[in-house]
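**Q** Would you mind keeping the following structure in view while I ask a few things?
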Amino acid sequence: MDDPENPYAAAARHPKGPHDARPTALQIIRDENLTGALSDLVILITGCSSGIGVETARALASTGATLYLTARNLTKAREALGPELVCNPKVHLLVLDLDSLDSVRSCASTFLSKSDKLNILITNAGIRHVVWSKTPDGFERHFGVNHLSHFLLTQLLLPTLQESSTMAFQSRVVALSSTAHRNAPVNFDDLNLEKPGAYTKPTGYAQSKLANVYMASEITRRYGQPKAVAHKPGVWGLAVHPGGIRTGLQQGDNGGGLRDPMTWYYLRHLWRILNMFKTPEQGAATTVVAAVAKRFEGRGALYLEDCGLAVPVRKGWGIIDPGYLPGRTDNEADAKKCWEVSCRLVGVKDDEV
1 MDDPENPYAA
11 AARHPKGPHD
21 ARPTALQIIR
31 DENLTGALSD
41 LVILITGCSS
51 GIGVETARAL
61 ASTGATLYLT
71 ARNLTKAREA
81 LGPELVCNPK
91 VHLLVLDLDS
101 LDSVRSCAST
111 FLSKSDKLNI
121 LITNAGIRHV
131 VWSKTPDGFE
141 RHFGVNHLSH
151 FLLTQLLLPT
161 LQESSTMAFQ
171 SRVVALSSTA
181 HRNAPVNFDD
191 LNLEKPGAYT
201 KPTGYAQSKL
211 ANVYMASEIT
221 RRYGQPKAVA
231 HKPGVWGLAV
241 HPGGIRTGLQ
251 QGDNGGGLRD
261 PMTWYYLRHL
271 WRILNMFKTP
281 EQGAATTVVA
291 AVAKRFEGRG
301 ALYLEDCGLA
311 VPVRKGWGII
321 DPGYLPGRTD
331 NEADAKKCWE
341 VSCRLVGVKD
351 DEV
């Protein structure tokens with residue numbers, strides 16, 4: 001761990017597949033000396049019935065924090081979390097169906113009836129590459145589930161995040177995104193992607209993942225930086241790319257067959273792709289470092305991957321290359337517009353208006 005800015009960079013540069021030298025989420029907690037050290041914090045994590053949501057919860061439970069874990073199906077969540085977490089008196093389960101804004105409101109209300117404190121919100125749940133359809137509220141499903149529902153949840157919990165923030169530990173929102181955010185802009189003229197030719201599964205997913213980045217960056221701009229200037233605790237937003245993990249998100253993603261150019265791209269780069277894959281325990285590591293590491297406070301809008309700050313993607317990049325896309329990922333005007341539009345769509349007041 002020679003580089004304090006990105007102590008895991010060497011392992012990320014030379015991946016060797018699942019179970020390689022890249023850290024697990026529990027290793028992050030140990031390396032940060034946080035085992036049992038965050039007993040006064042409250043954390044809410046969405047999407048805790050499979051994959052990296054479960055491993056994120058497992059690692060953060062080891063800090064002694066109080067956890068609120070959401071899932072659409074609590075029976076499935078209990079099976080995935082196992083008795084160690086389910087029987088932990090500091091772990092609480094909440095129903096949340098991100099297809100429904102009413103469910104989001106109900107979940108937020110239930111949480112606030114149980115806790116007057118929230119230090120970390122992790123928007124982990126999501127869907128990927130689904131057939132075009134709308135949520136019951138009338139939104140294209142990727143955008144509705146991955147972005148708008150999490151946006152509303154964040155809005156409803158922001159006052160509590162602000163009140164809970166201290167200089168000892170400033171509150172933060174960790175938004176799970178993806179390198180796919182580079183693949184399409186937010187289509188403000190057709191957010192539901194209903195115009196002829198507008199929708200493909202990757203486009204719908206990419207738009208929602210870029211909106212996740214924009215939400216995190218706007219949280220920092222609105223609630224982090226102004227407070228930090230005044231030497232008061234703020235709320236910071238961090239977007240993270242967890243990496244390639246064989247989880248439920250990918251299980252139903254069967255591609256377009258041999259006629260799909262992406263199929264041939266994946267075949268050409270198969271060995272590299274296999275080496276890049278992580279276990280769920282490793283996939284949760286970047287989320288966890290974003291949630292607990294003090295070194296990211298006061299740094300502005302950040303996008304993290306492989307447990308450190310992302311760098312600009314290389315020229316001539318392919319979809320599996322790491323890095324953010326300058327001019328898109330960090331587009332402040334589009335981030336502000338996405339926030340304003342999202343406020344209108346979910347029916348909350350924009351506090352800058």
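Numbering (full-length UniProt numbering), first residue to last: 1 to 353.
Ideal Cβ placement from N, Cα and C applies to all residues, glycine included.
1. When you compare the CB positions of residue 203 and residue 321, do they come within less than 9 Å of one another, or not?
2. When you compare only the Cα positions, how much space is there between residue 306 and residue 278?
3. In whole angstroms, what is the alpha-carbon distance linking residue 85 and residue 130?
4. For residue 79, count the other beta carbons within 10 Å of its own beta carbon; 16 or more makes it buried, fewer makes it exposed. Which is it?
5. Go through its chain and collect everything with a Cβ distance to residue 192's Cβ below 6 Å, but skip five positions before and after it.
6. What's the call for residue 73, buried or exposed, on a 16-neighbour Cβ count within 10 Å?
7. Distance check for residue 123 and residue 218, CA to CA, integer angstroms please.
8. Under 9 Å between the Cβ atoms of residue 310 and residue 28?
9. Reducing DSSP to helix, strand and coil, say where residue 245 ends up.
10. Could you give the distance in angstroms between the alpha-carbon of residue 336 and the alpha-carbon of residue 285?
11. Excluding the five sequence neighbours on either side, which residues of its own chain have a C-beta within less than 6 Å of the C-beta of residue 339, listed in chain order?
12. Return the first residue and the last residue of the alpha helix (DSSP H) that residue 335 is part of.
13. Using 8 Å as the cut-off, can you tell me whether the region 165-177 makes contact with the region 230-241, which would need three or more C-beta pairs spanning the two stretches below that distance?
14. Contact defined as beta carbons within less than 8 Å: I believe residue 323 pairs with residue 314. What is the distance between those atoms, to the nearest angstrom?
15. Looking at the structure shown, is residue 322 part of a helix, part of a strand, or coil, going by DSSP?
16. Just the Cα atoms here: how many angstroms apart are residue 251 and residue 133?
17. Along the chain, which unbroken stretches of the beta strand (DSSP E) at least 3 residues long are found entirely within the region 93-163?
18. Return the first residue and the last residue of the beta strand (DSSP E) that residue 55 is part of.
19. Which residues does DSSP list as the beta-bridge partners of residue 317?
20. Measuring only the C-alpha atoms, how far is residue 43 from residue 184?
21. If you reduce the DSSP assignment to three classes, tell me which class residue 361 lands in.
22. Relative to the C-alpha of residue 215, which residue among 201, 236 and 205 is closest?
23. Report buried or exposed for residue 232, applying the criterion of at least 16 other Cβ atoms within 10 angstroms of its Cβ.
24. DSSP state of residue 19, grouped into three classes?
**A** According to the data block:
1. no
2. 10 Å
3. 31 Å
4. exposed
5. 140
6. exposed
7. 15 Å
8. no
9. strand
10. 29 Å
11. 218
12. 332-346
13. yes
14. 7 Å
15. coil
16. With a pLDDT of only 44 at residue 251, under the threshold of 50, the placement of this residue in the model should not be trusted; the figure read from the coordinates follows. If you take the alpha carbons of residue 251 and residue 133, they lie about 19 Å apart.
17. 120-123
18. No beta strand (DSSP E) contains residue 55, which is instead part of the alpha helix (DSSP H) from 51-61.
19. For residue 317, which the question treats as bridged, DSSP gives no partner whatsoever.
20. 31 Å
21. Because residue 361 is not part of the residues shown, which for the chain are 1 to 353, the question remains open.
22. 236
23. exposed
24. coil
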